[in-house]
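Structure first, then comments.
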Amino acid sequence: MNTSNIKKYAPKARKDFIAAMTKQAAKYGITAKGIETVEQKGDLALIGDRPFPASVIRPRAALVKRVEQLGFDQAMEQAAYSWFNRLCAIRYMEIKGFLEHGRRVLSTIDGSSGMPQILDDCLDIELEGLDKALVTQLKLDGTKDEELYRELLLAQCHALHNAMPFLFEAIDDATELLLPYNLTKTYSLIRELAEAIPEADWHDVEIIGWLYQFYISEKKDQVMGKVVKSEDIPAATQLFTPNWIVQYLVQNSVGRQWLQTYPDSPLKDKMPYFVAPGEQPTEVQAQLAANTSESIDPLTIKVLDPACGSGHILVEAYKVLKEIYTERGFRSRDIPQLILENNLFGLDIDDRAGQLAGFALMMLAREDDRRIFNRMTESGFKLNVLALQESRHLDFAALWKALNLTSDWHRGQSQSLFDNEQTDLAADHSDNRNQLLKATLQRFTQAKTFGSLIEVPAGDAAPLLELLQQLRQLTKDGDSMQRPAAETLLPYVQQAWILAQRFDAVIANPPYMGSKGMNADLKDFAKKTYPNSKSDLFAIFMEHAFTLLEPNGYNAQINMQSWMFLSSYEQLREWLLKSTTIITMAHFGARAFDSISGEVVSTTAFVIKGVTNPSYAGTYIRLVDGKSEAEKRAMLLKAIQ
6 MNTSNIKKYA
16 PKARKDFIAA
26 MTKQAAKYGI
36 TAKGIETVEQ
46 KGDLALIGDR
56 PFPASVIRPR
66 AALVKRVEQL
76 GFDQAMEQAA
86 YSWFNRLCAI
96 RYMEIKGFLE
106 HGRRVLSTID
116 GSSGMPQILD
126 DCLDIELEGL
136 DKALVTQLKL
146 DGTKDEELYR
156 ELLLAQCHAL
166 HNAMPFLFEA
176 IDDATELLLP
186 YNLTKTYSLI
196 RELAEAIPEA
206 DWHDVEIIGW
216 LYQFYISEKK
226 DQVMGKVVKS
236 EDIPAATQLF
246 TPNWIVQYLV
256 QNSVGRQWLQ
266 TYPDSPLKDK
276 MPYFVAPGEQ
286 PTEVQAQLAA
296 NTSESIDPLT
306 IKVLDPACGS
316 GHILVEAYKV
326 LKEIYTERGF
336 RSRDIPQLIL
346 ENNLFGLDID
356 DRAGQLAGFA
366 LMMLAREDDR
376 RIFNRMTESG
386 FKLNVLALQE
396 SRHLDFAALW
406 KALNLTSDWH
416 RGQSQSLFDN
426 EQTDLAADHS
436 DNRNQLLKAT
446 LQRFTQAKTF
456 GSLIEVPAGD
466 AAPLLELLQQ
476 LRQLTKDGDS
486 MQRPAAETLL
496 PYVQQAWILA
506 QRFDAVIANP
516 PYMGSKGMNA
526 DLKDFAKKTY
536 PNSKSDLFAI
546 FMEHAFTLLE
556 PNGYNAQINM
566 QSWMFLSSYE
576 QLREWLLKST
586 TIITMAHFGA
596 RAFDSISGEV
606 VSTTAFVIKG
616 VTNPSYAGTY
626 IRLVDGKSEA
636 EKRAMLLKAI
646 Q
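In terms of our numbering, the sequence shown is residues 6 to 646.
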């Protein structure tokens, strides 16, 4: 994909969206310098000396609360990112023809300048929650296009919430208040989005990852070389992985497992980056045969990306799994949901990255099943791709009481979940679910710092799944106290359940951050938990991935080459040689990422099995002499052939 237009547009868009949110907030007396008072007089609200309809009081109060919680700059950044994500998602869907009503929301039907198609056809549009009478009134007025378009855009976002709530969160009062006006003008954020990137670039879902990388590129430059705050770790460490490298990792892990059991599978001919195993000694062949399953049910294959970013690795894993399901005779219309429900798992510390990863997978599924949105709404199936959430602000006692799982409550007072002092909690502590939930929440107090490095015992997987299913049921059938409590706890139980499982393949381009950039909590965690790999996050993720594998699972990653050479990783190398088996490695060196200039990142990609087989003859491909992505890719394909 030619990323030049995206690289030019996305950083500017970040500034423009933040400026638009800031201007909109200032209109209602909310700025970085302070917050003006509001006074209601009849059906008017006076902010300073400026009159507004009284209806703005509630959404303004919600925005004030968010600013007080996050700080002004962070609140504006968050709102800007939310609207950028939504609009990019709508843009992708309208060009692909995925919107149910079939009209374009952000552009004309032929891509020319002019009013969005949805404005012209608004009287024929059916969207849940859309006030048809108001639409008709505004349309017939002839001078209310701006107000009419705003109604249509918000209705579209609300409609998409039903299918993809992880990206199109229910638009709350504060978020809606910050949606700028003048959206139909030639200089609007929407018009620039539609015109800055050619339509041809939107046809590959890979664009979502590139938009994400370049959107945060300026923030990345700002924090590089400094001790990084927890909230800035995503910007400091995010790097979009070229597609050919992702294929190498996925095909030699997920694909390899399938081909070991089914060596005559047609899958091999569909994987150009698969490295066929070389000739092996007799004892190795015997060990491989003993550890190879006689058959594999596609439903049981589990793939995790523990630092999934915008989901590029999961997208490629989906493609390989789709071929596997097809080969085994599954109905094509069933395959997308089966893969999303059973096979693919992704975690990240960045909320927006988690949203984009989920969106990328949903778009891939929509390519294969035009009813996937309806299926998601009707059956209630959930993606196993999410951003890790922190639990430090939760009141466990209150939530547990609201769940009322035991219906055996006595009144009492409780302090915070994380208070070490004795609490007067009158819950039934003998309930295993109480102890499981409490221990689970305690693990995630610093989830935005430690991410998927947080360890959850494998023995918790089954009870966590049972609790997860119970909470999901309560969100539907619970009473007025149970429903909100269950909704609050669901993401914590789901992320714990994912980390408690063991996977056939853990595939990642992990975060790169040396100890000098780690904040105090992360540095202390690294020293205590990962003494062999503490020098950089990439090495910690490399080591940690083995704890997430099934006994014969594959750890497939691209990371910095320094772990192969530096003395600080000597103990890590010794452990790898004694405890694991390198199946294949492609040593890229510098210039494997065209989006990064010069010698900044020197990398190696590998697939390592989590069991030792000292006599195994791995396949090693040296590509350090290549001067660009294209050259290294060509060298890799030639070596494989």
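All C-beta atoms in this analysis are idealised placements derived from N, C-alpha and C, irrespective of residue type, glycine included.
Checklist entry - How long is the line joining the alpha carbons of I62 and S396, rounded to whole angstroms? => result Approximately 30 Å between the Cα atoms of the pair.
Next on the checklist: Just to confirm my understanding: we take Q45, look at its own chain, exclude 5 residues before and 5 after, and list those with CB closer than 8 Å. What are they?
Outcome noted: Answer for Q45: L51, A59 and I62, listed in chain order.
Checklist entry - Quick one: what does DSSP say I40 is sitting in, helix, strand or coil? => result Strand.
Next on the checklist: If you measure between the beta carbons of V308 and L369, is that distance less than 7 Å?
Outcome noted: Contact: no.
Next on the checklist: Using a Cβ-Cβ cutoff of less than 8 Å, which residues in the same chain neighbour L104 once the five nearest sequence positions on both sides are dropped?
Outcome noted: These residues qualify, in order along the chain: I95, M98, V110 and Q161.
Checklist entry - How far does the beta strand (DSSP E) with K632 in it reach, from first residue to last? => result Per DSSP, K632 belongs to no beta strand (DSSP E) and is neither H nor E.
Next on the checklist: Quick check on F5: does DSSP put it in helix, strand or coil?
Outcome noted: Any question about residue 5 goes unanswered here, given that the chain covers just 6 to 646.
Item to check | L399 versus G47 - alpha carbon distance | outcome: Cα-Cα distance, rounded: 38 Å.
Item to check | Helix, strand or coil at A505 [DSSP, three-state] | outcome: When secondary structure is reduced to three states using DSSP, A505 falls in the helix class.
Next on the checklist: Report the CB separation of R596 from K643 in whole angstroms; it is logged as a contact under 8 Å.
Outcome noted: So it is not a contact: roughly 17 Å between Cβ atoms.
Checklist entry - Contact check, S538 vs L504 under 8 Å by CB: the rounded distance? => result The beta-carbon separation of S538 and L504, rounded to 18 Å, does not stay under the 8 Å limit for a contact.
Item to check | Same chain, Cβ closer than 6 Å to L326, five either side skipped, listed in chain order | outcome: These residues qualify, in order along the chain: I344 and N348.
Next on the checklist: Given this structure, state the Cα-to-Cα distance separating T148 from E211, to the nearest angstrom.
Outcome noted: Rounded to the nearest angstrom, the gap between the Cα atoms of T148 and E211 is 40 Å.
Checklist entry - Going by C-alpha distance, which of R108, D529 and Y217 is nearest D541? => result Sorting R108, D529 and Y217 by C-alpha distance to the C-alpha of D541 places D529 at the top.
Checklist entry - According to the neighbour-count rule (16 or more other Cβ atoms, all chains shown, within 10 Å of its Cβ), is K20 buried or exposed? => result So K20 ends up on the exposed side.
Checklist entry - Got a sec, what are the start and stop residues for the beta strand (DSSP E) R357 sits in? => result Unbroken run through R357 is the alpha helix (DSSP H), D356 to D373; no beta strand (DSSP E).
Checklist entry - P536 and E223 look like a contact to me (Cβ under 8 Å); what is the Cβ gap, rounded to whole Å? => result Between E223 and P536 the Cβ distance is about 36 Å, and since that is not below 8 Å, they are no contact.
Next on the checklist: Can you find the residues in the same chain that come closer than 7 Å, C-beta to C-beta, to E492, ignoring five residues on each side of it along the sequence?
Outcome noted: Within the same chain, E492 has close Cβ partners T480.
Next on the checklist: Between which residues of its own chain and D177 is the CB-CB distance below 7 Å, once the five residues before and five after are set aside?
Outcome noted: Setting aside the 5 residues that flank it on each side, D177 is surrounded in the same chain by A67, each with a C-beta closer than 7 Å to its C-beta; the list follows chain order.
Next on the checklist: Pop quiz: L143 and L153 are said to be a contact at Cβ under 8 Å. What is the actual Cβ separation, rounded to whole angstroms?
Outcome noted: Separation of the CB atoms of L143 and L153 is rounded to 4 Å, and the pair is thereby assigned contact status at 8 Å.
Item to check | C-alpha distance - A561 paired with F611, whole-angstrom precision | outcome: C-alpha separation (whole angstroms): 6 Å.
Checklist entry - Which residues mark the beginning and the end of the beta strand (DSSP E) in which N557 is found? => result Per DSSP, the continuous beta strand (DSSP E) segment holding N557 begins and ends at L554 to M565.
Next on the checklist: Which residue wins for smallest C-alpha separation from D356, given the options A407, A452, Y278 and F335?
Outcome noted: Checking every option, the nearest Cα to that of D356 belongs to A452.
Next on the checklist: Using the Cβ count rule (16 or more neighbours within 10 Å means buried), how would you classify G76?
Outcome noted: Result: exposed.
Next on the checklist: Only counting the same chain, and skipping five residues up and downstream in sequence, which positions put a Cβ closer than 7 Å to that of L446?
Outcome noted: Cβ neighbours of L446 beyond the five flanking positions: S396, L399, F401, L422 and Y497.
Checklist entry - Roughly how many angstroms separate the alpha carbons of N2 and E346, rounded to a whole number? => result A query on residue 2 cannot be resolved here, the shown segment of the chain reaching from 6 to 646 and no further.
Checklist entry - Buried or exposed: where does Q500 fall if 16 or more other Cβ atoms within 10 Å of its Cβ makes it buried? => result Counting Cβ neighbours within 10 Å, Q500 comes out buried, since at least 16 surround it.
Checklist entry - Any chance the segment 289-307 sits against the segment 196-209, with 3 or more Cβ pairs inside 8 Å? => result With a cut-off of 8 Å, the segment 196-209 and the segment 289-307 do not count as touching, because too few Cβ pairs lie within range.
Checklist entry - Among residues of its own chain, excluding the 5 on either side of A365, which ones have a beta-carbon nearer than 8 Å to its beta-carbon? => result Counting only residues of its own chain and dropping the five nearest sequence neighbours on each side, A365 has a CB closer than 8 Å to the CB of V210, I213, G214, S315, G316, H317, L319 and V320.
Item to check | Unbroken beta strand (DSSP E) run spanning V390, endpoints | outcome: Here the beta strand (DSSP E) through V390 covers V390 to A392.
Checklist entry - What are the complete alpha helix (DSSP H) segments, minimum 4 residues, inside the segment 570-596? => result Annotation: the segment 570-596 contains the following complete segments of the alpha helix (DSSP H) (minimum length 4 residues), in chain order: 575-584.
Next on the checklist: Could you tell me the alpha carbon to alpha carbon distance between F543 and Y253, rounded to whole angstroms?
Outcome noted: In a straight line, the C-alpha of F543 is about 19 Å away from that of Y253.
Checklist entry - Can you tell which of Y625, Q646, N618 and F598 has the C-alpha that lies nearest to the C-alpha of I250? => result Closest by C-alpha distance to I250, out of Y625, Q646, N618 and F598, is F598.
Item to check | Reduced DSSP category for R55 - H, G, I as helix; E, B as strand; rest coil | outcome: Secondary structure of R55 (DSSP, three-state): strand.
Next on the checklist: On a Cα-Cα basis, can you pick out the residue from S584, L184 and S485 that is closest to Y33?
Outcome noted: When only C-alpha atoms are compared, the closest one is L184.
Checklist entry - For L581, which option in T141, V606, I613 and V255 has the closest C-alpha, if you only look at C-alpha atoms? => result Looking from the CA of L581, the closest CA among T141, V606, I613 and V255 belongs to I613.
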